[in-house]
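Everything in the sequence shown is counted per full-length UniProt numbering, starting at 1 for the first residue and increasing by one. Every residue, glycine too, gets a C-beta built ideally from N, C-alpha and C.
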Amino acid sequence: MTNNLQNDARWDASRVIHAPTGAEKVCKTWVAEAAYRMIQNNLDPAVAENPKHLVVYGGIGRAARNWECFDQILASLKALGEDETLLIQSGKPVGVFKTHEDAPRVLIANSNLVPKWANWEHFNELDRKGLFMYGQMTAGSWIYIGTQGIVQGTYETFAEAGRQHFNGDWGGRWILTAGLGGMGGAQPLAASFAGAVSLNIECQQSSIDFRLRTRYVDKQAKDLDDALALIKHHCDRKEAVSIALLGNAAEILPELVQRAKAGGMKPDLVTDQTSAHDLINGYLPIGWCVEQWKAAQHDASQHAKLTADAAQACAVHVQAMLDFHAMGIPTVDYGNNIRQVAFDTGVKNAFDFPGFVPAYIRPLFCDGKGPFRWVALSGDPEDIRKTDAKIKELFPHNKGVHKWLDMAGERIAFQGLPARICWLGLGERHIAGLAFNEMVKNGELKAPIVIGRDHLDTGSVSSPNRETEGMKDGTDAVSDWPLLNALLNTAGGASWVSLHHGGGVGMGYSQHSGMVIVADGTEAAAKRLARVLVNDCGSGVMRHADAGYEQAVACAKREGLNLPMIK
């Protein structure tokens, strides 16, 4: 394993990356400076899962293809003119071209394969040769903000599940899930915010330790019996407490099923957020120790067996979820493609339980709502506190947002540059962006603000097993929409735009686009913000209106969107 790492251009044990902070820039423009800082923030040890290997989150979601490419990206950004655009091809800087001042300073394409070749086998072949990179969603598009980036979406999911199943009251109830990595780590805190107890199974002690240290997890159980005793204790007292348990979900869930069938405790909701989309790097096979698993990841000769054994473990895991579902317990896939893996491994009813988007989130997408986020380039947490207050001032009647900001301000520790996520929709995002720009202009904030979002948003992704599962008109697999979103954001003048394949659910199962725009206090930025922050989520309302969702049609009419085929 050591020799493999020494020969890997993506590995450098000496690298410790932190984003620059403050009001002085080293690039020629604040837009280029923002990209310069954000790619480094993605690899901050407080942010990234495996920064010395350029891995940000989600299995092997990287910020750059290798360290030589990373260094050249920084050099190119420092030299980039105000009328030039840097092109990134799967983590590699391949060209700088003359464009114009309102064009994106960076255009990114990650992990895109012609459909017939869009599978992990072809990806891995190219990846081993150093010709490709998995960008995940926000890893390769340089707008990852740590686990906070998914906390609110997970909270909104759990809150809506509570409204649908328990009259909005999670008190005395518990959620069973697994995975405490970059995405899954959001689950325990989101469950606590929603008012539920949660049991969070994780196979790596280091991940549990990180979540305990950052207060995303409250305590760790010694074993399964201890975990169940803790769950009962806190449920009886209606205390929203998160509990971690070290182990393999594919071994623990079947045991919980057997206990439930014998009259033992039953969870009130079951989900999962392991990295099952990546069978080599993301899921521990049954009977394997972590050390054996890690060694096999770096040995291509073991990949076939590792993949087969991990897939079989996923099948066992999903069967246990199906067993809970058969007991009448709400059960949802949280977007890691584990149902597809199980289906391909022989569990033919793997899709009997739904994904979280059609079950709980799609109504928000119909209003253009999604994971809006911003980052303080100053590095000063006070800038985020000021923007939190500004959001409350701008939207005084949005009590849900106020509650979220209060909880986030109290419990969420910043990772790397201070940042905030806040689900806002069409008619709201541009108001927030323009207000932030004015705060930079008048000196209320110490440096510009970077505004972006997850690729998991209202109009920027096609993913038939996740965001676009069960679309009303059957267009689950139509991927024109994220392409149009990327083109529209490029035309509107976003600061950088990305187009990726395979994020969240793996090769062959999704296409998605990202957008980032910088509020630097200038009038030019204000004009771009007014366009981009309407167009971006407006395209999501358009997509859902086109699919026949009446809520989206009503939103489009209310916000004055010009949709020629919507009468």
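- Query: Within 10 angstroms of its Cβ, does C289 collect 16 or more other Cβ (buried), or is it exposed?
  - Reply: exposed
- Beta-bridge pairing of M515 - partner residues as DSSP gives them: V497
- Message: Just verifying my parser: in three-state terms, what is the DSSP assignment at Q312?
- Response: helix
- Identify whether F132 lies in helix, strand or coil by the three-state DSSP scheme. coil
- Within the UniProt domain "Urocanase N-terminal" (17 to 143), note down every full alpha helix (DSSP H) run reaching 4 residues or more, in order along the chain. 30 to 42, 67 to 79, 120 to 128
- Item | Contacts around T2, its chain only, beta-carbon distance under 6 angstroms, and the 5 residues preceding and following it disregarded | Confidence in T2 is poor, its pLDDT being 49 and thus under 50, which makes the residue's placement too unreliable to answer from.
- Message: Can you confirm whether the region 394 to 403 touches the region 456 to 476 when touching is taken to mean that 3 or more C-beta pairs between the two stretches lie within less than 8 angstroms?
- Response: no
- Task: Given a cut-off of 8 angstroms, decide if P330 and L253 are closer than it, judged by their beta-carbon atoms.
- Result: no
- Measure the C-alpha to C-alpha separation of H18 and D236 and round it to an integer number of angstroms. 44 angstroms
- Does the pairing of the region 411 to 420 with the region 531 to 545 give three or more beta-carbon distances under 8 angstroms? no
- Expected contact under 8 angstroms - CB spacing of G181 and Y283 to nearest Å: In fact, because the Cβ distance is near 11 angstroms, the residues do not count as touching under 8 angstroms.
- Query: For the region 132 to 144 against the region 341 to 350, are there 3 or more C-beta pairs whose distance is under 8 angstroms?
  - Reply: no
- Which residues in the same chain as A276 place their Cβ atom closer than 7 angstroms to its Cβ, once the five residues preceding and following it in sequence are excluded? G282, Y283, C314, N336, N337, I338, V341
- Sufficient close CB pairs (3 or more, under 8 angstroms) joining the region 104 to 120 to the region 413 to 432: no
- Query: Which residues mark the beginning and the end of the alpha helix (DSSP H) in which L189 is found?
  - Reply: 186 to 194
- Is Q273 helix, strand or coil by DSSP? coil
- Task: If I'm right that T147 touches Y216 with Cβ under 8 angstroms, what's the distance once you round it to whole angstroms?
- Result: 6 angstroms
- In three-state terms, what does DSSP make of E469? coil
- Query: Under the rule that 16 or more other beta-carbon atoms within 10 Å means buried, what is N41, buried or exposed?
  - Reply: buried
- Message: Given this structure, state the Cα-to-Cα distance separating A308 from A244, to the nearest angstrom.
- Response: 27 angstroms
- Residue from L487, W174, G168 whose Cα sits closest to the Cα of A240: W174
- Message: Please report the straight-line C-alpha distance between K219 and H233, rounded to a whole angstrom.
- Response: 13 angstroms
- Message: Which residue wins for smallest C-alpha separation from H100, given the options S539, W170, S495, A311?
- Response: S495
- Message: To the nearest angstrom, how far is the alpha carbon of A552 from that of E156?
- Response: 19 angstroms
- A178, enclosing beta strand (DSSP E) - first and last residue: 174 to 178
- Rounded to a whole number of angstroms, what is the C-alpha to C-alpha distance between R362 and W170? 21 angstroms
- Query: What's the gap between the Cα of A23 and the Cα of L74?
  - Reply: 18 angstroms
- Among the residues of its own chain, which have a CB less than 6 angstroms from the CB of F324, if the five just before and after it don't count? V270, T331
- Determine the DSSP secondary structure at R15, reduced to helix, strand or coil. coil
- Task: Express the C-alpha separation of L228 and E255 in angstroms, rounding to a whole number.
- Result: 12 angstroms
- Query: By Cβ distance, which residues of its chain are closer than 7 angstroms to K266, with the 5 residues on each side in sequence left out?
  - Reply: A260, M327, I329
- C-beta atoms of L405 and V450 nearer than 8 angstroms: no
- Query: Nearest to K222 by alpha carbon, out of Q205, V440, R213?
  - Reply: Q205
- Task: Express the C-alpha separation of M439 and I384 in angstroms, rounding to a whole number.
- Result: 12 angstroms
- Cβ neighbours of K305 in the same chain (closer than 8 angstroms, five flanking residues each side left out): A296
- Query: Thinking C-beta only, is T468 closer than 8 angstroms to R420?
  - Reply: no
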